[in-house]
Amino acid sequence: MADPDYTSYLRLLRDFWGEFRSVQRQQTPGRIPRLLMHTQRAALVALCHYPNKKMSSKPVYRRINWILLFNQTLMFISMVCGVHESSSIIDMGDDFVWLIGLGLICTKSYCMHARATEIDEVIRDLAYYDEVVRPIHDDEEILMWQRYCYMGEAYFGIGIFSLVNAFSLAILLQPLLGEGRLPYHSFLPFGWHRQDLHPWTYRIAFGWLSVNSLHNLSTILFVDLLGISTILQTALNLKLLSIELRKLGDLGSVSDTQFHVEFCRVVRYHQHIIRLVDKSNRAFYVTFIAQMIASFAMISISTFETMVAAADDPKMAAKFVLFVMVGFVQLSAWCVAGNLVLYLSGEVGQAAFEISDWHTKSAPIQRDIAFIMLRAQKPLFYVARPFMPLSLGTYMIVLKQCYRLLALLRESM
Numbered sequence: 011m012a013d014p015d016y017t018s019y020l021r022l023l024r025d026f027w028g029e030f031r032s033v034q035r036q037q038t039p040g041r042i043p044r045l046l047m048h049t050q051r052a053a054l055v056a057l058c059h060y061p062n063k064k065m066s067s068k069p070v071y072r073r074i075n076w077i078l079l080f081n082q083t084l085m086f087i088s089m090v091c092g093v094h095e096s097s098s099i100i101d102m103g104d105d106f107v108w109l110i111g112l113g114l115i116c117t118k119s120y121c122m123h124a125r126a127t128e129i130d131e132v133i134r135d136l137a138y139y140d141e142v143v144r145p146i147h148d149d150e151e152i153l154m155w156q157r158y159c160y161m162g163e164a165y166f167g168i169g170i171f172s173l174v175n176a177f178s179l180a181i182l183l184q185p186l187l188g189e190g191r192l193p194y195h196s197f198l199p200f201g202w203h204r205q206d207l208h209p210w211t212y213r214i215a216f217g218w219l220s221v222n223s224l225h226n227l228s229t230i231l232f233v234d235l236l237g238i239s240t241i242l243q244t245a246l247n248l249k250l251l252s253i254e255l256r257k258l259g260d261l262g263s264v265s266d267t268q269f270h271v272e273f274c275r276v277v278r279y280h281q282h283i284i285r286l287v288d289k290s291n292r293a294f295y296v297t298f299i300a301q302m303i304a305s306f307a308m309i310s311i312s313t314f315e316t317m318v319a320a321a322d323d324p325k326m327a328a329k330f331v332l333f334v335m336v337g338f339v340q341l342s343a344w345c346v347a348g349n350l351v352l353y354l355s356g357e358v359g360q361a362a363f364e365i366s367d368w369h370t371k372s373a374p375i376q377r378d379i380a381f382i383m384l385r386a387q388k389p390l391f392y393v394a395r396p397f398m399p400l401s402l403g404t405y406m407i408v409l410k411q412c413y414r415l416l417a418l419l420r421e422s423m
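Read left to right, the sequence shown gives residues 11 to 423 (our numbering).
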């Protein structure tokens, strides 16, 4: 796909619903218009948080991106300065949870700033099957899995988009129910954040924080969707690789030379996926680390604060329960997607073993098939070292550590 300009990215966003409905209405599996990652990337470009090689060549876009990053940092600093005004452990816990969330958003925004061009390469590599392996095909099984993946990503994205918008609305409406409160506990110089002292600057601060809240939540939404789609598309490619391996056994009585040509094509596909995972791990390295740390901290603190506030302040307790749910949803989405890659990478070896009559082929071909089986014993996974891979096992470990920290905090009270 050629590098489009800003207006072309906006057209991609505009055309999403029509493309989604066309795939949804398919009576029999057909080709999808494009990877959903193109739409997610277009949303980040529209938010001015995706300065890839093409967009960063535009001075205006590059300046806007830096202004937005500076604005996020300024908001984070104002919230850090407001922590000292907390009057209780519940209020301080509330401040810390918001800081963790905003810190995660800032980190992922800076990651997009630094890695956008690398992520473009990952998106191009994920289209390898349709562009190189099978440019022209009508295999119903392949098309069915591609459609399943597209619809799964689309439904998940639409659902999370709706929840994030409801969450944004709740954040903005909550201060209106109180007296002189901002959407976030922030500290501004000269008391500008206080409605009783400076009503006009308070209104400006309220508007600034509200607009930032909508923009920041939209940013992290599409960054996460882009990262999760990368993992899901990798899992899809591994599934297609397994199908291609099994289909080698259906070639019938072809010569060993013809079989070897087809087998080499599939092997190159396998090697491409291995390189793709390495490239994706580098591109999303900071994102993975920030997500694991933030999820652990947010779940631990929110659960502890829920127990503290349950008796005295049910409203705050409900708020912390919401934070716990947000942390669980984020961590679950990343780990479930990562576990799919881990599982399907192991299925590649089984698919190679299930090639019909592979033991009747020539010795060099048997050796090559055995090599694929051996390579598949080393699973592929998404990981940000020194942390463990994104998987359900890691998910359980994080929850256990959260429980231990929670028990320690309870004992210290």
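Cβ atoms here follow ideal geometry from the backbone N, Cα and C, with glycine treated the same way.
Excluding sequence positions up to five before and after Y60, its CB lies within less than 7 Å of the CB of R51, L54, M122, A126, all in the same chain and listed in chain order. Contact check for L219 against P193 passes: the beta carbons are separated by less than 8 Å. When the alpha-carbon of Q376 is set against those of L400, Y158, G259, G103, the nearest one is in G259. Put simply, of C58, I170, H280 the residue whose alpha carbon is nearest the alpha carbon of M335 is I170. Per DSSP, V93 is not a residue of any alpha helix (DSSP H), being assigned neither H nor E. About 11 Å separates the Cβ atoms of F80 and C116, ruling out a contact at the 8 Å cut-off. S98 counts as exposed, since fewer than 16 other C-beta atoms from the protein chains shown sit within 10 angstroms of its C-beta. Taking C-alpha positions only, Y165 is separated from C159 by approximately 10 Å. Restricting attention to W344, F232, Q82, the CA atom closest to the CA of M398 is found in W344.
In this structure, A300 and L114 form a Cβ contact; the two beta carbons are roughly 6 Å apart against a cut-off of 8 Å. Leaving aside the five residues that flank C58 on each side, the residues in its chain whose CB is nearer than 7 Å to its CB run, in chain order, Y71, I74, N75, L78.
In the three-state scheme derived from DSSP, where H, G and I count as helix and E and B as strand, C58 is classed as coil. If one requires a minimum length of 4 residues, the alpha helix (DSSP H) runs lying completely within the segment 273-322 are 295-319, in chain order.
Counting the other CB atoms within 10 Å of its CB gives L418 a total below 16, which places it among the exposed residues. Cβ neighbours of L109 within its own chain (closer than 8 Å, five residues either side excluded): F86, M89, V90, V93. Residue nearest to H48 within the set L20, V271, V276 is L20 (criterion: CA-CA distance).
Burial of Y405 is indicated by the presence of at least 16 other C-beta atoms within 10 angstroms of its C-beta. Bounds of the alpha helix (DSSP H) holding S355 are 324-363. If you draw a 10 Å sphere on the C-beta of A180, you find fewer than 16 other C-beta atoms in it, and that means exposed. Judged by their CB atoms, I309 and G348 are not nearer to each other than the 8 Å cut-off.
One thing to note: F273 has its Cβ no nearer than 8 Å to the Cβ of V107. When DSSP states are grouped into helix, strand and coil, K371 belongs to the coil group.
For the options E364, F314, I284, the alpha carbon positioned closest to that of T244 is the one of I284.
Taking all protein chains in view, the Cβ of I168 is surrounded by fewer than 16 other Cβ atoms within 10 Å, so the residue is classified as exposed. G169 carries a helical assignment under DSSP once its states are collapsed to helix, strand and coil. An exposed status is given to K325, since fewer than 16 other beta-carbon atoms sit within 10 Å of its beta-carbon.
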